[in-house]
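Colleague: To start, I am sharing the structure in question, which I have written as structure tokens.
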Amino acid sequence: MEDVTFIIPAYNEEKSIGTLLTRINELYPKAKIIVIDNNSSDRTSEIAEEKGAIVIKEKKQGKANAIFTGFKRLKTEYAVMMDADGTYPPEDSIRLIQALKRENADVVLGSRLKGEII
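Residue numbers for the sequence shown follow numbering that gives the first Met the number 0, beginning at 0 and rising by one.
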């Protein structure tokens, strides 16, 4: 699917960002990936760029601000917001996007605790 953007806020995630981006690229070779680096002091930005992500360096601290910054750059029909630490697998995005299409929904949420898509 090429009409999807992954929005990934990140802060000092050099240990996990590369693996996450590799997995996304394997699932969605044509997807746009935007990493919003929220003042990391490590190699988060460099690793993300090496993996083909668009990196936005956001000086204003906070995850919510980083997410808003990413969504402002959105130009695709679908968007998936993921944490840079790989807390939840990018493979879950397949079910989320399927639900968006099936239900003609504007937003879907996944619950790791309940194992549901809302």
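Built from N, CA and C at the ideal position, the CB exists for glycine as well.
Everything numeric in this text was worked out from a predicted model, so none of it was measured.
(1) Below 9 Å between beta carbons: does that hold for Ile93 and Lys50?
(2) Please name the residue, chosen from Leu112, Asn37, Lys62, that lies closest to Ile55 on a Cα-to-Cα basis.
(3) Unbroken alpha helix (DSSP H) runs of length 4 or more, entirely within the stretch 17-57: which are they?
(4) Using a Cβ-Cβ cutoff of less than 6 Å, which residues in the same chain neighbour Leu73 once the five nearest sequence positions on both sides are dropped?
(5) With the cut-off set at 9 Å, would you say Ile89 and Ile6 are in Cβ contact?
(6) Indicate the three-state DSSP secondary structure (helix, strand or coil) for Ser110 in the structure shown.
(7) If you compare alpha carbons, which of Leu99, Asp91, Tyr10 is closest to Ser110?
(8) Counting only the same chain and skipping the five closest in sequence on each side, list residues whose C-beta sits under 6 Å from that of Val79.
(9) Does the beta-carbon distance from Lys123 to Pro8 come in below 9 Å?
(10) Thinking just about the alpha-carbon of each residue, which of Leu20, Lys71, Asn103 is nearest to the one in Ile32?
(11) The alpha helix (DSSP H) that contains Thr68, what's its start and end?
(12) CB-CB under 7 Å to Ile66, same chain, minus the five flanking residues each way: which ones, in chain order?
Modeller: Once the coordinates are examined:
(1) The criterion of a C-beta distance shorter than 9 Å is not satisfied by Ile93 and Lys50.
(2) When C-alpha distances from Ile55 are compared across Leu112, Asn37, Lys62, the shortest belongs to Asn37.
(3) Listed in chain order, the complete alpha helix (DSSP H) runs (minimum 4 residues) inside the stretch 17-57 are 43-49.
(4) The answer, listed in chain order, is Thr4.
(5) Looking at the sequence provided, one finds Pro at residue 89 rather than Ile. When the beta-carbon positions are compared, Pro89 and Ile6 stay at least 9 Å from each other.
(6) DSSP places Ser110 in strand when its eight states are reduced to three.
(7) When C-alpha distances from Ser110 are compared across Leu99, Asp91, Tyr10, the shortest belongs to Asp91.
(8) Shown here for Val79: same chain residues with a beta carbon closer than 6 Å to its own, the five before and five after excluded, namely Phe5, Ser92 in chain order.
(9) For the chain, the structure presents residues 0 to 117; residue 123 sits outside this window and is missing.
(10) Of the listed residues, the one whose Cα sits closest to Ile32 is Leu20.
(11) From DSSP, the alpha helix (DSSP H) with Thr68 extends over 62-71.
(12) Taken in chain order, the residues that qualify are Ile6, Pro8, Met80.
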